[in-house]
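Read the structure below first, then the notes.
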Amino acid sequence: MSGEIITVAQMRAIDAASAAAGVPTRSLMENAGRAVAEAVLQRFSRRGVAVLCGPGNNGGDGWVAARVLRDAGWPVVVWSLVPPEQLKGDPADAAAAWGGGAKLLDGATPEADLYIDALFGAGLSRPLEGEAARLAVTLPRERIIAVDVPSGFSGDEGESIGDAHFCATLTVTFVRKKPAHVLTPSRMCCGDVVVADIGAPESVVAAQQVSLWENDPSRWRLPWPDAEAHKHARGHVLVASGGHARTGAARLSAAGALRAGAGLVTVLSPPDALAENAAQLTAIMLREAKGPESYAEAARNAQCMIIGPAFGTSDAHYKLLCAALEANPRCPLVLDADALTLLAPLTHGLDARDVLTPHLGEFRRAFPGFYSNTPNRIDAARAAAAYARCVVLLKGPDTVIAAPDGRAVVNTTGTPFLATAGSGDVLAGIIGGLIGQGMDSFGAACAGAWLHGKAAEAFGPGLIAEDLPGLLPPVLAVLAASPA
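Counted the way this note's numbering counts, the sequence shown spans residues 3 to 486.
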């Protein structure tokens, strides 16, 4: 399924187009409910199950799952939000096929070893209330299997619509993942996510022209050196250093670029910081910067230039940054941290080879109103990339990478231990190192985010930014050994 992610509207269109292509919605519901039941049968031993059914199609999936589990010999009780005789359409047919009666959710708390949350799916647009809200804060997440998404979350925004929502240990969704499965906070409440094929024709899915994916190595190809490679063929990356006592961030970026495979990495240092940079650098080279022309020359001659980590935010630094931006011709730029502050609000003309790597605060300053005026991080990053005409990587636990042509990827690798000073500087360096080797900027940003997260996962508690470059080789080795 190539890691595709579809919106709620696209899923509805797939349902409708499938019916038009000869696959009735009742068949889709039957397949969906069966997929939920099979996921339970594969992961749990026989035990008592309470299936919580809402009034819509999500509830219909629950009625089917209940029947399949019962037929497999499991003790199952259906609890419904509405009397079954009030159901209409496909859910009513699914309830009739169950034929085992139901208990009404009217204040009682179902007792069971497992609960299937089939109350509301990804299309929910109002807060949970009444019995659904009460059960959302009562039932234990380790015993909940969610159908489509945990009830209470918006399928597109990944946010809880109200104060109450379910959390699950397993979520079974259909056709493709939805944004709620990869965006926080909903991702944290989905548990393991299973994507089930329910019989929607692939031609119908392809017609949606999906342009959003979950990040993984199938989305990009790393620039492995061949047998005749030499250091100059693997690219030269320049990293702009801050002044005296502000040099560590640039060295972290440089180390990330070197570990990512760049053949040559040079720190471009102000005169007052040469000595402290020289005392810390070995394989990474050092060059003195004597004014704007040094930055313009670097931008003209390198394969990638990284500007921003502890760079400085004075008017003089702005002139240095502009010298690099306005060099003609120039290499791709990775702009982070202070460079984003200097450019905020963003008005400079960038191009598709450039990469901006803001965290949320920097994003809000660089693109005023973009975050608050869009429904989620994906749309915000896409809007920013289109406006800036470059790649935008919006950092966070659900990092979004967006290209100016509308493509977007959500990265789900990583760990909360990445919330440490300097980790973003290393990320900028990894991206720059990949671009320096000839990788396209969107692919480099996607690969950099994935590698950065995987390296952090390999370390765990106690992680500091200095650890990250040294954690890359084992991650890269696994990819190098992969047939893909």
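A virtual CB, placed ideally from N, CA and C, is assigned to each residue, including glycine.
The residue among Asp73, Lys292, Ile16 and Ala404 with its C-alpha nearest the C-alpha of Gln211 is Ile16.
The Cβ-Cβ distance between Pro294 and Ala325 falls below 8 angstroms.
Of all C-beta pairs linking the segment 17-37 to the segment 199-207, three or more are shorter than 8 angstroms, placing the two stretches in contact.
Shown here, His232 sits in coil according to DSSP, grouped into three states, outside any helix or strand. Counting along the chain, the unbroken beta strand (DSSP E) around Ser82 starts and ends at Val78 to Ser82.
Check the Cα spacing between Leu288 and each of Leu266, Met31 and Ala99: the tightest is with Leu266. Looking from the CA of Trp65, the closest CA among Gly75, Ala34, Arg45 and Ser47 belongs to Ala34.
Counting along the chain, Ser271 sits inside no alpha helix (DSSP H); it lies in the beta strand (DSSP E) bounded by residues Leu266 to Ser271. According to DSSP, residue pairing for Cys55 in a beta bridge involves Ser82 and Ala120.
Looking at the DSSP output, Ala104 shares a beta bridge with no other residue.
Ile286 sits in coil when the DSSP states are folded into three classes, being neither helix nor strand. Under the three-state reduction of DSSP output, Ser20 falls in the helix class.
When DSSP assignments are scanned along the segment 413-458, no uninterrupted stretch of beta strand (DSSP E) that is 3 or more residues long falls wholly within it. Secondary structure of Leu130 (DSSP, three-state): coil. DSSP, read as helix, strand or coil, puts His238 in strand. Proximity to Arg409 across Ala277, Cys392 and Leu106 peaks at Cys392, based on C-alpha coordinates.
Here Lys180 is not bridged, per DSSP, to any residue.
The beta-carbon distance between His183 and Cys192, rounded to whole angstroms, is 6 angstroms. This is short enough to meet the 8 angstroms contact definition. Bounds of the alpha helix (DSSP H) holding Val207 are Glu204 to Ala208. A direct Cα-to-Cα measurement between Asp407 and Asp317 gives close to 33 angstroms. Between Asp400 and Thr415, the CB-CB gap reaches or exceeds 8 angstroms. Per DSSP, reduced to three states, the secondary structure at Ala98 is helical. Beta-bridge partners assigned by DSSP to Ala281: none are found. Secondary-structure assignment with DSSP links Trp215 through a beta bridge to Glu6 and Val411.
Taking the Cα positions, Trp222 is about 21 angstroms away from Ala231. Ser4 counts as exposed, since fewer than 16 other C-beta atoms from the protein chains shown sit within 10 angstroms of its C-beta. In the three-state reduction of the DSSP assignment, Ile200 falls in the coil class, being assigned neither a helical nor a strand state.
Straight-line spacing of the CA atoms in Val411 and Trp76 works out to 40 angstroms. With respect to the C-alpha of His246, the residue from Ala280, Ala229 and Ala259 having the closest C-alpha is Ala280.
Looking at the backbone, the Cα of Ala385 and that of Leu344 are separated by about 21 angstroms.
Sequence-distant Cβ neighbours of Gly440 in its own chain, meaning closer than 8 angstroms and more than five residues away, are Pro225, Gly237 and Gln305. For the options Ser425, Asp92, Ile146 and Gln88, the alpha carbon positioned closest to that of Leu116 is the one of Ile146. When the five nearest sequence neighbours on each side are left out, the beta carbons in the same chain lying within less than 8 angstroms of the beta carbon of Pro347 are those of Arg367, Ala368, Phe369 and Pro370, in order along the chain. Closest option to Trp452, judged by alpha-carbon separation, among Ile163, Val51, Arg136 and Leu478: Leu478.
Taking 8 angstroms as the upper bound for CB-CB distance, Glu328 and Arg178 are not in contact here, some 43 angstroms apart. Judged by DSSP secondary structure, Val477 falls within the alpha helix (DSSP H) whose first and last residues are Leu470 to Ala483.
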